[in-house]
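Undergrad: Here you go, one structure.
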Amino acid sequence: MTEIIPPAKPAKSPLDLHVLRYFLAVAEERNITWAAELLQVSQPTLSRQLRKLEDDLGVVLFHRGSKTIDLTAEGHLLYERAQTLIALADKTERELRDSQGNLTGNIAIGCAESRSMTYLSRRIAAFRKLHPLIRFDIRTLTADLTQERLEQGLLDLGLMSEPVAVDRYDYVRTHVTDRWGILMRNDDPLAQHTTIRPQDLEGATMILPYRAEVQREVMNWLGDYANSITLAATFNFGTNAVTMMRNGVGMVFGIDLGVIDDGLRFRPLSPKMETGAVIAWKKGQSMSPAAAAFVEFLRADEPA
Numbered sequence: 001m002t003e004i005i006p007p008a009k010p011a012k013s014p015l016d017l018h019v020l021r022y023f024l025a026v027a028e029e030r031n032i033t034w035a036a037e038l039l040q041v042s043q044p045t046l047s048r049q050l051r052k053l054e055d056d057l058g059v060v061l062f063h064r065g066s067k068t069i070d071l072t073a074e075g076h077l078l079y080e081r082a083q084t085l086i087a088l089a090d091k092t093e094r095e096l097r098d099s100q101g102n103l104t105g106n107i108a109i110g111c112a113e114s115r116s117m118t119y120l121s122r123r124i125a126a127f128r129k130l131h132p133l134i135r136f137d138i139r140t141l142t143a144d145l146t147q148e149r150l151e152q153g154l155l156d157l158g159l160m161s162e163p164v165a166v167d168r169y170d171y172v173r174t175h176v177t178d179r180w181g182i183l184m185r186n187d188d189p190l191a192q193h194t195t196i197r198p199q200d201l202e203g204a205t206m207i208l209p210y211r212a213e214v215q216r217e218v219m220n221w222l223g224d225y226a227n228s229i230t231l232a233a234t235f236n237f238g239t240n241a242v243t244m245m246r247n248g249v250g251m252v253f254g255i256d257l258g259v260i261d262d263g264l265r266f267r268p269l270s271p272k273m274e275t276g277a278v279i280a281w282k283k284g285q286s287m288s289p290a291a292a293a294f295v296e297f298l299r300a301d302e303p304a
């Protein structure tokens, strides 16, 4: 008689979500006692769980001091991955819980600083009149961070300013144009100009967007004067760029967001430089009912 050997049970991963939450708390608090109080578990229990996690993974995750503990290189790697895993697990749980009955739930969108935010805001307001239980979680991100989080499943959609590669995404265009120009203090001599030409910036100290794709567009516009400017700083959020500009770091090469006060001047470029924006989502990705409904709502608004 042939002996039937039962299939081996799959090995249990040490990366249990419950244990990862313990790990994240300790990594963020940098103190076992404080983390234990936050998690409402005993300190010996928490220490035992962390030791077991290290033993199971075969690495040391913490440098343990007398009062605080710090992450090792392996600990930093696990911290980055654990944040993503926990965020994705929480998002999935919410979507499954909200998939029953009336359309409810959260829709997470990464958004560029763009005039297209006005278009998106109006679409959100109109959608919520139909589905008032939907909540939108908006994160201001650059296109590269938005793409990264779309790939990880942490975002449902992304509002991204062009130039941006969209070959991995489905998308709708906002049909809103962002106008580029120079933002400067009111006392800058160039503030008296109605438009800014490349030659006007010869020898200027500039603050540029940090995305390489955008910098290439800027340099193309500057043409023969590209090598004559001094790059003092780069930025990914306009508010930080404005603060640097106010305090004498340089002029900002950016888009007109329509929020200029009396102490600042925005002057458009000549020849003009304009870009569009898209609202994109990952091709073939399963979506929550709420996100899928919002996508169809956006598609219905597209011009024929």
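For what it's worth, the UniProt record's numbering labels the leading residue of the sequence shown as 1, then goes sequentially. C-beta atoms are modelled at their ideal positions from N, C-alpha and C, and glycine is treated no differently. Quick caveat: nothing in here was measured; it's all calculated off a predicted structure.
Note down, in chain order, each residue of its chain lying with its Cβ closer than 8 Å to the Cβ of Asn186, except the 5 sequence neighbours on either side.
TA: Around Asn186: Asp262, Gly263, Leu264, Arg265.
Undergrad: For Glu43, which residues from the same chain have a beta carbon less than 7 Å from its beta carbon, with the 5 sequence-adjacent residues on both sides left out?
TA: Looking at the sequence shown, residue 43 is not Glu but Gln. So the list reads Ile32, Thr33, Ala36, once near-sequence residues are dropped.
Undergrad: Between Val176, Arg267, Thr177, Arg179, which lies nearest to Asp200 when the distance is taken from Cα to Cα?
TA: Selected option, being the one with the closest Cα: Arg267.
Undergrad: Looking at the unbroken alpha helix (DSSP H) that takes in Thr230, where does it start and where does it end?
TA: Element bounds for Thr230: not the alpha helix (DSSP H) but the beta strand (DSSP E), 230–235.
Undergrad: When the Cα atoms are used, what is the spatial distance from Leu141 to Phe235?
TA: Each residue's Cα considered, the two are about 12 Å apart.
Undergrad: Beta-carbon within less than 8 Å of Gly250's beta-carbon, same chain only, minus the 5 sequence neighbours each way: which residues are those?
TA: Here the set comprises Ala204, Thr205, Met206, Ile207, Thr230, Ala232, Ala233, Met244.
Undergrad: Classify Ser161: buried if its beta carbon has 16 or more other beta carbons within 10 angstroms, exposed otherwise.
TA: Classification of Ser161: buried, given that the 10 Å Cβ count is 16 or more.
Undergrad: Please give me, in chain order, every unbroken run of the beta strand (DSSP E) with length at least 3 that falls completely inside the segment 151–214.
TA: Segments of the beta strand (DSSP E) lying fully in the segment 151–214: 157–161, 169–173, 178–185, 205–209.
Undergrad: Do you know whose CA, among Ala292, Phe127, Leu78, Thr177, lies nearest Leu24's CA?
TA: Ranking Ala292, Phe127, Leu78, Thr177 by Cα distance to Leu24 puts Leu78 first.
Undergrad: Among Asp156, Ala82, Glu80, Val172, whose alpha-carbon lies nearest the alpha-carbon of residue 305?
TA: Residue 305 is absent from the model: the chain starts at 1 and stops at 304.
Undergrad: Leaving out five residues before and five after Leu157 in sequence, what residues of the same chain have Cβ atoms less than 6 Å from its Cβ?
TA: Within the same chain, Leu157 has close Cβ partners Ile109, Ile279, Trp281.
Undergrad: With DSSP run on the structure shown, which of helix, strand or coil describes Thr275?
TA: Here Thr275 sits in strand by DSSP.
Undergrad: Between the C-alpha atoms of Thr68 and Gln83, what's the straight-line distance to the nearest angstrom?
TA: Roughly 21 Å between the two C-alpha positions.
Undergrad: Which partner residues does Gly105 have in the DSSP bridge list?
TA: According to DSSP, Gly105 bridges with Ile134.
Undergrad: Please name the residue, chosen from Pro163, Asn240, Gly238, Gln285, that lies closest to Thr275 on a Cα-to-Cα basis.
TA: The candidate whose alpha carbon is nearest that of Thr275 is Pro163.
Undergrad: Is the beta carbon of Leu85 less than 8 Å from the beta carbon of Leu154?
TA: In this structure, Leu154 does not lie closer than 8 Å to Leu85 by Cβ.
Undergrad: What does Lys282 pair with, by DSSP beta-bridge criteria?
TA: Looking at the DSSP assignment, Lys282 forms a beta bridge with Tyr169.
Undergrad: Tell whether a beta-carbon distance below 8 Å holds between Asp137 and Asn106.
TA: It is a contact, given that the beta carbons lie within the stated cut-off.
Undergrad: Within the continuous alpha helix (DSSP H) that includes Leu57, where are the two ends?
TA: First-last of the alpha helix (DSSP H) with Leu57: 43–57.
Undergrad: Pull up the distance between the alpha-carbon of Leu190 and that of Gly238, whole angstroms please.
TA: The straight-line gap from Cα to Cα measures roughly 20 Å.
Undergrad: Going by the beta-carbon positions, is the gap between Ile182 and Val242 smaller than 8 Å?
TA: No, the pair does not count as a contact, with Cβ atoms beyond the cut-off.
Undergrad: So which of Thr195, Ala300, Leu269 has the shortest CA-CA distance to Asn220?
TA: Nearest of Thr195, Ala300, Leu269 to Asn220, Cα basis: Leu269.
Undergrad: Which term fits Val60, buried or exposed, when burial requires 16 or more other beta carbons within 10 angstroms of its beta carbon?
TA: Exposed: under 16 other Cβ atoms inside 10 Å.
Undergrad: Can you name, in chain order, every residue of its own chain whose Cβ lies under 7 Å from the Cβ of Ser228, other than the five neighbours on each side?
TA: Around Ser228: Glu202, Gly203.
Undergrad: In whole angstroms, what is the alpha-carbon distance linking Ala27 and Glu151?
TA: So the two alpha carbons sit approximately 25 Å from each other.
Undergrad: If you draw a straight line from the C-alpha of Ser121 to the C-alpha of Leu50, how long is it?
TA: So the alpha carbons of these two residues sit roughly 44 Å apart.
Undergrad: Smallest Cα separation from Pro132: which of Thr177, Phe294, Tyr169?
TA: With distances taken between Cα atoms, Pro132 lies closest to Phe294.
Undergrad: Give me the residue from Asp301, Gly248, Glu74, Ile134 with the minimum Cα distance to Ala291.
TA: It is Ile134.
Undergrad: Any idea which residues DSSP pairs Gly254 with across the strands?
TA: Per DSSP, Gly181.
Undergrad: Is the distance from the Cβ of Ile255 to the Cβ of Arg139 below 8 Å?
TA: Cβ distance not < 8 Å, so Ile255 and Arg139 don't count as in contact.
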